[in-house]
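Presented below is the structure to which this report refers.
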């Protein structure tokens, strides 16, 4: 009898320890990723882009707010946020305070579902269904967030295009609203990316292939996304269980080649999917996938 009951007890203990680690330790293990991306013209000096995504901020998350504010010490050249900043009705002031040091720098953003609607409790098993009914919470004060960022000069690329010139590098930018909510209007930004720019960057919160492929066809060099949380719960030696969007598990986080060079995109297209910095308040766990921001160093392509 002792041997029979020892195994279930050990399994329960292991499960409890895993949940405790995922909810109490890894969920706040703020991590900075770094990648070099060869997208600038030959001979160009490097340009550093800080990408933030999926903050899912609440007013009381002081550790996350301090860590985000401290990223200004990296002295990035450009800051990009790819949506899902909020997780509470009172989160806008705290989010803007966390971003305040970074808003001294050139920046751009797109919005997403968890900027518009408050989170609600969900059955996590629904994420294993390709199609599931989405139930939204109350409307969040997203306009205050948007206005707070644009007042500091950041470009709102939510179904818009824009241009930044930073340290002599001309960046052509385009973004769409959240395709996960079917709010993207790519036709509003469609057309060949500016061939006179030094680099062309597309922004979209959820990395849906139908949108990524349109950016690629228009000649964008680098696509920046979030949404997936990197899978949020990853199995060692297997990876993400789900992506919560149309992208495959291989591309659920970090830097990848999305498209090889072609007539439309002579230099090919790179894709970076941030695993993000937060979780829903109703699923406050991460495992084998710590919360993260990314410093992307854009470097020169090899001549030829």
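Residue numbers (mature numbering (1 follows the signal peptide of the UniProt record, and there is no 0)): -22 to -1, 1 to 282. For glycine and all other residues, C-beta sits at the position ideal for the given N, C-alpha and C. The structure presented is a predicted model; accordingly, all values stated were derived computationally and were not measured.
- Where residue 43 is concerned, the enclosing alpha helix (DSSP H) starts and stops at 40 to 48.
- Cβ-Cβ distances below 8 angstroms link residue 259 to 34, 36, 65, 66 and 97 in the same chain, with the five nearest sequence neighbours on each side left out; the list follows chain order.
- Residue 180 is bridged by DSSP to 152 and 201.
- The residues 246, in chain order, have a CB closer than 6 angstroms to that of residue 238 in the same chain once the five nearest residues on each side in sequence are set aside.
- In the structure shown, the three-state DSSP call for residue 219 is coil.
- Separation of residue 77 and residue 44 (C-alpha to C-alpha, rounded to the nearest whole angstrom) is 10 angstroms.
- Straight across, the Cα-Cα distance linking residue 68 with residue 74 is about 11 angstroms.
- Rounded to the nearest angstrom, the gap between the Cα atoms of residue 154 and residue 183 is 8 angstroms.
- Here DSSP, grouped into helix, strand and coil, assigns residue 120 to helix.
- DSSP, reduced to helix, strand and coil, places residue 127 within a helical segment of the structure shown.
- Each of 236, 172, 207 and 214 was checked against the Cα of residue 188, and the nearest Cα belongs to 236.
- For the pair of segments examined, the stretch 166 to 174 was found not to touch the stretch 219 to 228: the number of CB pairs separated by less than 8 angstroms stays below three.
- Under the three-state reduction of DSSP output, residue 79 falls in the coil class, being neither helix nor strand.
- Going by C-alpha positions, residue 79 is about 8 angstroms away from residue 48.
- Residue nearest to residue 233 within the set 275, 59 and 150 is 275 (criterion: CA-CA distance).
- Cβ-Cβ distances below 8 angstroms link residue 128 to 134 in the same chain, with the five nearest sequence neighbours on each side left out; the list follows chain order.
- The stretch 155 to 165 and the stretch 7 to 19 do not touch, with fewer than three beta-carbon pairs separated by less than 8 angstroms.
- A buried status is given to residue 269, since no fewer than 16 other beta-carbon atoms sit within 10 Å of its beta-carbon.
- Here DSSP, grouped into helix, strand and coil, assigns residue 15 to strand.
- Spanning the alpha carbons of residue 51 and residue 273 requires a straight line of approximately 12 angstroms.
- Excluding residues up to 5 positions away in sequence, 277 and 279 lie with their Cβ nearer than 6 angstroms to the Cβ of residue 16 in the same chain.
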